[in-house]
Structures are given as structure tokens and as C-alpha cells.
Amino acid sequence: MKSLLRRLAGLAVVLLVASFLVYGMLYLVPGGPMAFLLGNHSGTPEQIAAIRHQYHLDDPFLVRYYHWLSGALTGNLGSSLVYKQSVASLIGARTTTTLTLVAYAAVLIVLGGVTAGTVGALRGGRTDAAISLASSVFLATPAFLVGVVLVVVFANDLGWFPVFGAGSGLGDRLYHLTLPALTLALGNGAYLARITRASVRAELGREHVETARSRGLAEGRVVRRHVLRNAAVPITTVTGLTIAGLLAGSVVVEDVFGLDGIGSLFVRAILQRDMAVVQAVVLVLVAAFVLVNLVVDLCYSFLDPRMAP
Amino acid sequence: MSSPALPGRLRLPRLPAALRSPAQRIAVGLLVVLAAAALLAPVIAPYDPDLPDLFNALGPASPTHWLGGDAVGRDVLSRVIWGARTTLLGPLLVIVCSTAVGGTLAILAAWCGGKVDAVVSRGLDVLFAVPSIVFALVTVAVLGPGLPAVVLGLTVAYTPFVARVLRSAALRERNLPYVAAAWVQGRSAFAICARHLLPNLTPLIVAQAVSAFGFAVIDQAAVSFLGLGVQPPTADWGLMVKSGLDSAMRGQPLEALSAGLLIAVVVAAGNVLGDRLGEEGR
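Protein sequences, first through last, are from chains A and B. For what it's worth, the numbering used here labels the leading residue of the first sequence as 1, then goes sequentially. For what it's worth, the numbering used here labels the leading residue of the second sequence as 1001, then goes sequentially.
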């Protein structure tokens, strides 16, 4: 319990430092925060005065950071210069698409990766070689290339799936998100398959597995109780890291498939130099990344009580 | 990992050992060919990569244009050859810089220990909280699109990975008796780090760098694909996959496919070598 609290405190510090760096970005730009906030837009004197007021540019740096951070903590992430809307509502409107995509991909990754890796390790021989080769190929193929191939083949040429958009309603949405989720899943799933294969094989050769077999336990039971259970810890680590990375990966996938999620909002904000949005999205991505990592650490204690926090 | 070297003698890394199996020889061969193509682009590219030719717009593969033409009729083969330059140079810089910075931090942290180690390690923890592509995109947001911003962002993003692995290796190495022996002989900290620790860590450093190269290629190409890295009309494989998407939908997939497959080939070659070197270094 005590180390869990320490863990949470460490997490808070990481987030605090990250938020400080994200805010400090404003001052790294040639021209300073004013040029940064105005971006490509030449502001009228009123707009400039409004920005000076909104960002408290006349206050000392730390006071300004404090204002921004306390705003961010209460859900006020500033307002977008391009959309003339609050950043929180811009992000909020796009979370469903991004989270559905990430969750869909995560399910595909875990089911596909763990199954392929386990089958490869248990079967051996040609099956194993084929799975290893496929995972090497997918591991080396960038997600955007997978996306382009899937769009051209399955959406454009064969017409099985829609080319763009996220759909509405659950069923339609899942149908629209199938190709994007597959794109996001292939490379990551290949990596998980590799890790699964390696850890299952390592467990298969251990003495306690030999012992269980010589005691006459059924092979299925040996695999489930003795091999998979022990192999689960490294698999969980990689699964967690992978899922935490999916949010960042969705930036590219949303761009390929024209999905209006947080990732494409991010890319557009960078192109339009809409800095309030950029800062907010980075903060959200970092917070989500750190939180998922924490959840993964907590999962260990269920798998292996010795690793309880 | 490696046996302690005698004080005062440099141990050369056994790099040629990476060339034993056919897969590794093919990987090295492919990388050498692509690097040569990048260097010799002005000599071997059949056409000017930026010259549009409307008669060749979306043209199919033909004896005059082996990989056809793109949407405005530029020769795809020439663009692929020229594109090797930006596509490979960026990740190479990323790897060299992040290895230099990360390696220095790692040895510094391992050697000094105590507060220096704590500060370096906590700093790395913060950097780990940001996914690498987000780093690249944030740098682009601050400095504006282009290769320099992407290289800088990815260098910062890759440094913690290099530093974490090398720090624990350097820590193990530092506690070996030969380091204490050199210290007792009155050698300076810098001399021990530069002449003993660094050479003994070299196989691991090289293995790390080679495996990270593939990831850097993917990340940089992804940023270019998003339109935030290398800017048109410069030829770049990531950009070519992007512009090739439209052509592919209009029935000419060669631009996207050739550029995309080359990225995959480079990454696969890097992975094969990195895995093998990683095993050797361990």
C-alpha cells in the first residue's frame, strides 16, 4: 500500500514536470509566446490584448504557469484560435472515435498476438516458422503503409469497407473502424506475438513443467495452469506498453482513414499552429500514457502476488 | 556481457561476427546498396526527380520509366533513388545523436552515482512518459515542419531508451574489479570511462543503435507521411506513400508501393542485424 502511494506520488511529479515542459514550449519559440499563440495569424490589436489578458502575459512566468495549470486541472484548457471554441469541447467531441478505435485495436492485438504467439510456441515446426516470418514482416511494415494498402485493396478496389469516416451508431461505427483498427493492430500484434512466443517457449523448458508432465497431468492443464500463467507477466508488460502507445499510433491511422479523432485534431492544430490545442492534446496524451502504465503495474499484483505494490 | 579488458588495452568489438548467417549478409547487402543509391543519386537516377512530364502522369511501368510516373508525371524510380537520401539521413542523425547523448548520460550516471544518477534517472522517467512520435510532432509544432525539427524531436525521444539500457550495463561494468584496479593505479575518471568502460560497452551500444535505426526510420517516415516532416517537392519515401495513395486509388499503385516496400525492407534489415548484434552483445 505504501509503495502504491509512492508510485502515485511519482506519477504526479512526472505529470507536473511534463505539464511544465508543455507550458514552457511557448517560450522556446523564436518570437516568444505572442508569436507562438498568434501562430500564422496576424492579430488585430484587440485580439492581441485579449490574448495578453487570456494568457496573463503581463504576469511573471510561474504565475502564468500556475493559472494555466489550475485551469487545466478544472477542465479549462483554453480556447482554440482557429475554431473559436473551447479546447476541452474540441477534444471531448473527438474522444469517442479515438477511444473506440484504440479499444477495437487493443482487442485485436491481444486476441491475435497472444493466440499466434502461443500457437507458434506450442506447435513448433512449420506453423511456428510461418508465424515468426509473418510477425517479422508486420513488425517491419509501418502502420501508414498497412493503412494505405488496406484502403486501396479492401475499400477502394473491392469495396468491402467504407473508405473514409467513422460512422454513427455502434454497429456502423465498428464497421467503419474495422480497417483502421486492423491497421493499428497488425504491427503491435506482431510484436506481442513475438514476446508471447518467447516467454511461452521459455516456460515450456522449465523444470516445473517437466514435473507437472511427469506427474501425469493432462497436457491442456499443464499448458493452462503452468505455462500460460507464468508466461503471463512479460505478456502483460508488453500488452500494457503497446496499448499505452496506441493513442500515439492512432495519430497516423486517423490521418490515413480521414477519421475525425484526437489524432487528426492534433495534426491539423500543428499545421495551423493552433497552440492551445497542441498543448492540450499533448497533455492529454501524456496523462493517458502514464495512467495506462500505472494500471499495467497494478495488474501484476493479480498475476503474481509477489509483485504486489 | 563481455569479459573485462586488460587495463590500457583497447578491445575491438567483434562486428564481423554479425555477418555469419545468410540473413545477416542479405540485410547488410541491402543496406549497403540503398546507402550507395542514396550517395550516388545524381549519377544513377535516370531523370530529374522534380521534373514533371505530363505525358508520364500516372504512367504505367515501361522500359523508359521502370516504376512509372506519379500524379504530375515525375519519374518514380528517380524519386525513389533521391528519396533514399532524406529517408535514411534523418534516422542516421537521430541514432548517432541519441546514442552520443544517451551514452554520455549513462556513463555519467553510472560513474558518479548518488545525486547525479538520481537526477538523470528521474529526468529519463519524465521523457519516457511521452511517446516518441508525439515528441517529434511537438518539436515540429514549436520549430515548424521540416527535417531538422523531426530529427531533433526524435533524438530527444530516443535518448532515454539508449541511456536506460547503457546505464545499467555501465553500472555492472563499473563495479568490476578491473575498474577499481585502474582507479588504484591512479588513472583519472575520464581515462577509465573513455579507455575501458566505453570500449567494453561498444558492442551493446552498436546493437542498441542498429535496432533503434528501424524504429527511427518508421517514425520519421510517419511524420513525413503526416505532412509535417520533409516538405514537398523534396523526394521522400514517407511523402511518396502519402501522395501515392491518391494515385493508387486511380489505379497506379507503384509510387506508394515502391516507397513503402523500401521503408519496410530497410526496417526489416535493421531489425535482423539488431537482433543478432543484441544476442552477441549479451
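The C-beta atom is built at its ideal place from N, Cα and C for all residues, glycine as well. Because the structure is a prediction, the values reported are computed rather than measured.
Nearest-angstrom Cα distance between residue i and residue j?
i, j, result
"B/Val1272", "A/Trp68", "47 Å"
"B/Arg1122", "A/Gly10", "9 Å"
"B/Ile1081", "B/Leu1039", "9 Å"
"A/Gln151", "A/Phe302", "Note that residue 151 of chain A is Val in the sequence shown here, rather than Gln. About 40 Å."
"A/Val282", "A/Arg64", "19 Å"
"A/Val252", "A/Gly263", "7 Å"
"B/Leu1108", "B/Asp1125", "17 Å"
"A/Tyr175", "A/Ala181", "10 Å"
"A/Asn293", "A/Gly113", "19 Å"
"B/Leu1077", "B/Leu1067", "5 Å"
"A/Phe144", "A/Thr183", "8 Å"
"B/Val1206", "A/Leu28", "33 Å"
"B/Ala1182", "B/Cys1112", "16 Å"
"A/Asp128", "A/Ile195", "13 Å"
"A/Gln54", "A/Gly78", "8 Å"
"A/Pro60", "A/Leu192", "48 Å"
"B/Pro1052", "B/Ala1235", "13 Å"
"A/Val153", "B/Ile1133", "27 Å"
"A/Leu291", "A/Arg206", "34 Å"
"A/Ser80", "A/Val87", "6 Å"
"B/Phe1215", "B/Thr1099", "14 Å"
"B/Leu1006", "B/Pro1199", "Note that B/Leu1006 scores 44 on pLDDT, short of 50, meaning its location in the model is unreliable and no value can be drawn from it."
"B/Ala1221", "A/Val17", "29 Å"
"A/Ala185", "A/Arg197", "17 Å"
Give a yes or no on whether 8 Å exceeds the smallest Cβ distance from residue i to chain A.
i, result
"B/Arg1215", "A quick correction: the sequence has Phe, not Arg, at residue 1215 of chain B. No, its Cβ sits nowhere closer than 8 Å to a Cβ of chain A."
"B/Phe1225", "yes"
"B/Met1240", "no"
"B/Leu1068", "Note on residue identity: the sequence assigns Gly, not Leu, to residue 1068 of chain B. No, B/Gly1068 lies away from the interface with chain A (no Cβ there is under 8 Å from its Cβ)."
"B/Ile1263", "yes"
"B/Leu1228", "yes"
"B/Arg1282", "Reliability of the predicted coordinates at B/Arg1282 is poor, the pLDDT of 47 falling under 50, and the value obtained from them is presented with this limitation in mind. Not an interface residue."
"B/Ala1268", "yes"
"B/Val1094", "no"
"B/Gly1260", "yes"
"B/Asp1125", "yes"
"B/Asn1056", "no"
"B/Pro987", "With chain B covering only 1001 through 1282, there is no way to say anything about residue 987 of chain B."
"B/Leu1245", "yes"
"B/Asn1200", "no"
"B/Ala1110", "no"
"B/Leu1137", "yes"
If you count every other CB in all the chains shown that lies within 10 Å of the CB of residue i, and 16 or more means buried, which is it?
i, result
"B/Pro1203", "buried"
"B/Ala1189", "exposed"
"A/Asp172", "exposed"
"A/Thr239", "buried"
"B/Lys1242", "buried"
"A/His226", "buried"
"B/Val1033", "exposed"
"B/Thr1064", "exposed"
"A/Phe20", "exposed"
"B/Asn1175", "exposed"
"A/Arg273", "buried"
"B/Pro1131", "buried"
"B/Val1043", "exposed"
"A/Leu158", "exposed"
"A/Arg213", "exposed"
"A/Phe289", "buried"
"A/Asp58", "exposed"
"A/Trp160", "exposed"
Give me whichever residues DSSP pairs with residue i in a beta bridge.
i, result
"B/Gly1069", "B/Asp1075"
"A/Ser79", "A/Ser86"
Would you say residue i reaches chain B, if we count a Cβ-Cβ gap shorter than 8 Å as a contact?
i, result
"A/Asp255", "yes"
"A/Ser310", "Residue 310 of chain A is absent from the model: chain A starts at 1 and stops at 309."
"A/Thr141", "yes"
"A/Gly245", "yes"
"A/Asn156", "yes"
"A/Ala348", "This structure cannot settle anything about residue 348 of chain A, because the visible part of chain A is limited to 1 through 309."
"A/Val285", "Note that residue 285 of chain A is Leu in the sequence shown, not Val. Yes, A/Leu285 counts as interfacial toward chain B."
"A/Ser136", "yes"
| Residue ranges of each beta strand (DSSP E) within the region 1073 to 1112 of chain B, 3 or longer | The qualifying runs do not exist here; there are none.
| query | What runs of the alpha helix (DSSP H), each 4 residues or longer, lie entirely inside the region 192 to 258 of chain A? | reply | The DSSP assignment places complete alpha helix (DSSP H) segments of no fewer than 4 residues inside the region 192 to 258 of chain A at 207 to 214 and 229 to 257, in order along the chain.
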